[in-house]
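I have placed the structure first, in the form of structure tokens, so that the comments after it can refer back to it.
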Amino acid sequence: MDNKAFFKMNYGLYIVSTKYGEQDAGCVINTATQVTAEPKRLMIAINKENHTTSLIEKSGLFTVVAFTQNADMDLIGKFGFQTSKDVNKFEGFKYETDENGIKYITEKTAARFTCKVFSKIDVGTHYLFVGDVTNAQILSDDEPMTYAYYHKVKKGGTPPKASSFNEEKNEENAMGFRCSVCGYVHNSDTLPEDFVCPICKQPASVFKKI
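Letter 129 of the sequence shown, counting from 1, is numbered 128 in numbering that gives the first Met the number 0, and no numbers are missing.
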């Protein structure tokens, strides 16, 4: 099998968020798509190990926002490479609360979809949650960010928990120093001792020479 065939598939970049009790959670995903027009339903793929996943299972609710191309790496890094168990990911960013009490980011995002879980499918490392869309809103007219744009222009890495993670792709054309947490590559022959990863904010000590 040629695993590179999967590189030809298109993805976006999204934040899925939820709330259960007093707990707020959110994480970055790259697989979210409309599956039916009537009734209006979305499907997301999310790793079973994510804290956000466990709260979606308990609440039966989730909200998805799509990043725009001008989204800051600080925003992507916080939601993509930190855990809601330890960090208030919404702190420091503009957000609103939907009709279910779920927070969603409003800065550098194109649209918001609020969903009630219709079904859950176990596909191995991930769950597919299919949700009935109960509300939708345009947040910006800026271009949504594709996963290809994130890699080629933003130079972002793919976390191992992503549904499209492929070690071969992550190693392709890599040189310099790679962050062992988020996969960001610093293209340089040297790495300053005080260097901080621009995506996940980890120190130089977690970088490995490649």
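Note that the Cβ used here is the ideal one computed from N, Cα and C, for glycine as well.
Predicted, not measured: the structure shown is a model, and the values here were computed from it.
In this structure Ser58 is buried. Its beta-carbon is surrounded by 16 or more other beta-carbon atoms within 10 angstroms. Taking a contact as a CB-CB distance under 8 Å, the pair Pro38 and Asp141 does not count as one, their CB atoms being some 29 Å apart.
The DSSP assignment places complete alpha helix (DSSP H) segments of no fewer than 4 residues inside the region 45-127 at 50-58 and 72-80, in order along the chain. Ala4: not part of any alpha helix (DSSP H); DSSP gives it neither H nor E. The three-state reading of DSSP puts Ser16 in strand, counting E and B together. When C-alpha distances from Leu138 are compared across Asp121, Glu95, Asp1 and Asp188, the shortest belongs to Glu95. Taking Gly76 as the centre and dropping the five residues before and after it, the same chain places the C-beta of Ile198 and Cys199 closer than 6 Å to its C-beta, in chain order. Glu56 and Lys151 have their alpha carbons spaced roughly 34 Å apart. Beta-bridge analysis with DSSP links Cys26 to Val15. If you draw a straight line from the Cα of Leu74 to the Cα of Asp1, it is about 34 Å long. Ala147 has its alpha-carbon roughly 22 Å from the corresponding atom of Leu127. In chain order, Phe92 and Lys93 place their CB closer than 7 Å to the CB of Glu106, counting only its own chain and leaving out the 5 sequence neighbours on each side.
For Glu98, the closest of Phe80, Gln22 and Lys18 by C-alpha to C-alpha distance is Lys18. Taking C-beta atoms as the reference points, Ala203 and Met144 fail to come closer than 8 Å. Going by beta carbons, Tyr103 and Thr62 fall inside the 8 Å limit.
In this structure, the CA atom of Phe6 is about 14 Å from the CA atom of Tyr149. Met72 and Gln81 have their C-alpha atoms roughly 13 Å apart. Assigned with DSSP and collapsed to three states, Val34 falls in strand. In this structure, the CA atom of Ser16 is about 28 Å from the CA atom of Val205. In the displayed model, Val129 falls within a strand according to three-state DSSP.
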